[in-house]
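Working notes, structure below.
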Amino acid sequence: MCYAIPAQIIEIKYPKAIIDYYGEKRNILLDDTKVKVGDYVYAQGGVFVRKIPASEAKKILKVFEDIFFELKKVDASLSKLDQDKIPANLLAVLQKVNLQKSLKKEELLTIAKLNNPAELSVLYEIANHIRQREHGNASCVHGIIEFSNYCQNSCFYCGIRQEQKIPRYRMSINEIVQAAKKAVKDFDFKALVLQSGEDYYYTDEILAEIVRKVKKIGVLVFISIGSRSKETYEKLYIAGARAALIRFETSNPHVFQTLRPPTTLDQRIDLIKHVRKIGYVLATGFILGLPGDDSEEAILNNILLTKSLAPDMYSFGPLIPSKNTPLATRSPISIELVLKTIALARIADPNSNILVTTALETLDANAKKQGLLAGANSMMINLTPTKYKKLYHIYDNRAGLDAEVAQSVQETVDLLKSLGRSPTDIGL
Ligand code: SAH
1 MCYAIPAQII
11 EIKYPKAIID
21 YYGEKRNILL
31 DDTKVKVGDY
41 VYAQGGVFVR
51 KIPASEAKKI
61 LKVFEDIFFE
71 LKKVDASLSK
81 LDQDKIPANL
91 LAVLQKVNLQ
101 KSLKKEELLT
111 IAKLNNPAEL
121 SVLYEIANHI
131 RQREHGNASC
141 VHGIIEFSNY
151 CQNSCFYCGI
161 RQEQKIPRYR
171 MSINEIVQAA
181 KKAVKDFDFK
191 ALVLQSGEDY
201 YYTDEILAEI
211 VRKVKKIGVL
221 VFISIGSRSK
231 ETYEKLYIAG
241 ARAALIRFET
251 SNPHVFQTLR
261 PPTTLDQRID
271 LIKHVRKIGY
281 VLATGFILGL
291 PGDDSEEAIL
301 NNILLTKSLA
311 PDMYSFGPLI
321 PSKNTPLATR
331 SPISIELVLK
341 TIALARIADP
351 NSNILVTTAL
361 ETLDANAKKQ
371 GLLAGANSMM
381 INLTPTKYKK
391 LYHIYDNRAG
401 LDAEVAQSVQ
411 ETVDLLKSLG
421 RSPTDIGL
């Protein structure tokens, strides 16, 4: 988005390149784009997005030059650990992570069972410290456009499941492209997630046309269209989509089958692995707190399944009960459980990228900040046109429904600055 630093290409080895931000290097996927060493580019999610003229890049770099190292200092001080205050059990965890040793499942389970507020607050500090060590102060912000709330599925948790009697909408190709152009022109987003229910009104050809047109604007096209066929994902990769968000939802096969009839966990995992094999940058994860899947061990199993899929980004959020769904009366998840899960994921997979999801923001207005200080390093801003946003009712009381995009962007920029996070790409 607007809060983004251009990088300079310092080495090209097709299909990859190495880029530099004030001396920090990242690998990016270039495909066969024609660029040369010395060019200035934007990258998102480790993927080349667009070239920018040297004069423009130099101007932006000059603006950021003064604050770049300042931001780093703020982040370093916020993520510093006072070893004397760390209880012995957590100090042992930290030492193991510092030695780059993976923690055993039993060790992670002990952390998952922590409940004492003082211990939890140290746990978040440790996770934030590891995040800083692994990624410096790099953070990234993607936009999301929810383009259809039609869905042929009947997932028990979801407020846009087929059975819901809600007003439905579909954005036309032109509306989607216009919304994407606005996101890029007015707010300078570099990556856009295009999300919908499983809506076959959008044939492979229509989706491919949307992907081609949105990519042409100069952004990373990130698709989130659920359990469509492998061929659909292949065609959309060819059309130019380079990232996919597809959660497995729960690592428990029985829970999966109960809540997502008639599909199976094996089918979803097989699709996720295929999507990865095609070459997509992958974001995956689960819903936190589904019935039968909410014990500490179940949550850890979800983290470990996410890790085994080697995603580029973790995406998990709390179940928010949605009215008139079979899970409407479930009790809400506590923010502490979400923060603990973020911290646990960071400790289990230190180098991961972890997203603060909008479902978390629904729990607490201050949640984004807390999530970023518990080990997360990435965020999303909702860019769905206002008239449709309220209708994309996957759960109740969604955060930010009335906020104008300009306001959400400004709040996010202010938050990132206050935490000393830099808008450099998190890289591959
Ligand atoms: N149809 C697509 C996109 C679905 S919506 C797909 O299946 O991937 C995106 C995500 O919202 C889902 O993957 C699910 O994890 C989450 N979600 C749905 N209902 C929810 C609820 N009630 N609370 C929290 N998250 C929910």
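Its first residue numbered 1, the sequence shown is counted upward by one per residue in our numbering.
Positions of the beta carbon are idealized from the N, C-alpha and C atoms, including for glycine.
If the five residues before and after Gln-257 are omitted, its C-beta is found closer than 8 Å to the C-beta atoms of Thr-263, Thr-264 and Leu-265, all from its own chain and listed in chain order. In this structure, Gln-195 has its CB closer than 8 Å to one or more heavy atoms of the ligand SAH. Between the ligand SAH and Glu-163, a heavy atom-to-CB distance of less than 8 Å is absent. Around the beta carbon of Ala-244, 16 or more other beta carbons sit within 10 angstroms, so the residue counts as buried. Distances from the CA of Lys-36 to each of Gln-8, Val-49, Ser-422 and Ser-196 were compared; the closest alpha carbon is that of Gln-8. The Cβ atoms of Ile-225 and Leu-383 lie no closer than 9 Å to each other.
Per DSSP, the unbroken alpha helix (DSSP H) holding Tyr-237 starts and ends at 230 to 239.
A distance below 9 Å separates the beta carbons of Ala-283 and Tyr-314. For Ile-287, the shortest separation between its Cβ and any heavy atom of the ligand SAH lies below 8 Å.
Ala-399 is a Cβ neighbour of Ala-365, given a cutoff of 9 Å. Phe-68 sits in a helix when the DSSP states are folded into three classes. DSSP lists Ala-17 as the beta-bridge partner residues of Ile-12.
Distances from the alpha-carbon of Asn-98 to those of Ser-422, Asn-174, Glu-411 and Asp-349 put Asp-349 closest.
Non-local C-beta neighbours of Ile-287 in its own chain, meaning closer than 6 Å and more than five positions away in sequence, comprise Glu-249 and Leu-319, ordered along the chain. If only uninterrupted beta strand (DSSP E) runs of at least 3 residues are considered, those enclosed by the segment 103 to 175 are 140 to 148. Straight across, the Cα-Cα distance linking Ile-19 with Asn-128 is about 25 Å.
Relative to the ligand SAH, the nearest heavy atom lies less than 8 Å away from the CB of Arg-247. For Glu-297, the enclosing alpha helix (DSSP H) covers residues 296 to 308.
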